[in-house]
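UniProt numbering puts the first residue of the sequence shown at 1, with every later residue one more than the last. We put the beta carbon where it would ideally sit given N, CA and C, even for glycine. Encoded as structure tokens, the structure appears first; notes follow it.
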Amino acid sequence: DYWCLEDLYRELVKRYVDAVDKLSGRRPDPATIEGCRELKPDNYLLAWHTPFNEKGSGFGAATKAMCLGMRYWKPERLESLIEVSIECGRMTHNHPTGFLGSLCTALFVAYAIQGKPLVQWGREMMKVVPMAEEYCKKTIRHMAEYQEHWFYFEAKWQFYLEEREINEENQNKPVFPDNYDAEEREKTYRRWSSEGRGGRRGHDAPMIAYDALLGCGGDWTELCNRSMFHGGESAATGSIAGCLYGLVYGLSKVPKGLYQDLEQRERLEYLGENLYRLSMEEK
């Protein structure tokens, strides 16, 4: 653990920069690489402060935020979750659509651990976005650059919740089309996107994952069909969906072959145990 969040950010900057050198051959997200080039690990005061990035609206921040939701999952740690997910997102994706994707994924993970009903996650997340905006107004010096892009994320999510008819408090049954096969899902994901490629941005990567979780009925194969097998950024949407599925349903329905010989499994289990221990401490 860290004495203050600023120390956490400084350590993250060092880890990000170190990781970039080890990602060759792994097809890393170009926006993440570009964002890491702006980080300054040797600058104590400005290590994690990066400029607004017009190209930073991608999925990369959202796909890295699951562990943040696990760390700050308790309702009383909401302010910490907001701050850390935004700052970690901004390090590589300093654009509202990018770093709000980080917040969204972290919140969904926290809701899963809290046991909050799945159908409520989207509208509960929308209640937190204004809190995130207030935090940014206090901490971002030139907020005007961000303001014109801020409402895109909210508008896209509001449209999605209305389409599924779960935007109101008394709406607790998502509505899906009668025919929602792979072809129809592809059309839908493209419509939700900003450029015709599902899951490419910070708003729709967690959106597709959430939609898959809502529609799979706890069936792992159906989750895969909806979140991992489409023509967009399926690795991004699938990784978020798989994490959320595991938190909600566990591993009993997941084929063992997918994780028994997982690369870095021992390291991941060690990190997971430490993450769990820290998240349970009252601070």
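For my contact list, residue i and residue j are in at a C-beta cut-off of 8 Å; report their separation, rounded to the angstrom.
{"i": "E165", "j": "Q158", "result": "With 8 Å as the limit, E165 and Q158 do not qualify as a contact, their Cβ atoms being about 13 Å apart."}
{"i": "H93", "j": "A31", "result": "6 Å"}
{"i": "G98", "j": "G69", "result": "Going by Cβ atoms, the distance from G98 to G69 rounds to 17 Å, so no, they are not a contact pair."}
{"i": "E233", "j": "G198", "result": "7 Å"}
{"i": "E186", "j": "P177", "result": "That belief does not hold up - the Cβ atoms of E186 and P177 are roughly 13 Å apart, past 8 Å."}
{"i": "V248", "j": "L118", "result": "7 Å"}
{"i": "residue 285", "j": "F59", "result": "In this structure the chain extends from 1 to 283, so residue 285 is not present and cannot be described."}
{"i": "Y146", "j": "P75", "result": "No, Y146 and P75 are not in contact; Cβ-Cβ is about 27 Å, not under 8 Å."}
{"i": "R71", "j": "L278", "result": "6 Å"}
{"i": "P41", "j": "V17", "result": "5 Å"}
{"i": "V254", "j": "W220", "result": "5 Å"}
{"i": "E154", "j": "V129", "result": "6 Å"}
{"i": "L5", "j": "V84", "result": "6 Å"}
Cα separation between residue i and residue j?
{"i": "E168", "j": "P206", "result": "20 Å"}
{"i": "G250", "j": "R190", "result": "30 Å"}
{"i": "A212", "j": "E263", "result": "26 Å"}
{"i": "K138", "j": "A132", "result": "10 Å"}
{"i": "D29", "j": "G115", "result": "32 Å"}
{"i": "T188", "j": "T237", "result": "14 Å"}
{"i": "W3", "j": "G217", "result": "42 Å"}
{"i": "E269", "j": "A144", "result": "42 Å"}
{"i": "N274", "j": "G89", "result": "22 Å"}
{"i": "N43", "j": "V13", "result": "10 Å"}
{"i": "F229", "j": "A110", "result": "26 Å"}
If the criterion is Cβ atoms closer than 7 Å, does the pair residue i and residue j meet it?
{"i": "T63", "j": "S194", "result": "no"}
{"i": "Y9", "j": "W48", "result": "yes"}
{"i": "I86", "j": "L107", "result": "no"}
{"i": "M125", "j": "C243", "result": "no"}
{"i": "A209", "j": "A182", "result": "no"}
{"i": "L223", "j": "Y245", "result": "yes"}
{"i": "A61", "j": "G25", "result": "no"}
{"i": "residue 311", "j": "Y152", "result": "Past the edges of the chain, shown from 1 to 283, lies residue 311, and the structure says nothing about it."}
{"i": "G196", "j": "L161", "result": "no"}
Taking the DSSP output, what are the residues bridged to residue i?
{"i": "G58", "result": "R201"}
Within the present structure, is the beta-carbon of residue i separated from the nearest heavy atom of the ligand ATP by less than 6 Å?
{"i": "R10", "result": "What this structure holds is no ligand at all, so the ligand ATP is not there to describe."}
Query raised in the report: Unbroken beta strand (DSSP E) runs of length 3 or more, entirely within the stretch 174-254: which are they?
Result: none
Query - Any beta strand (DSSP E) of 3 or more consecutive residues that is wholly inside the stretch 66-153 - result: none
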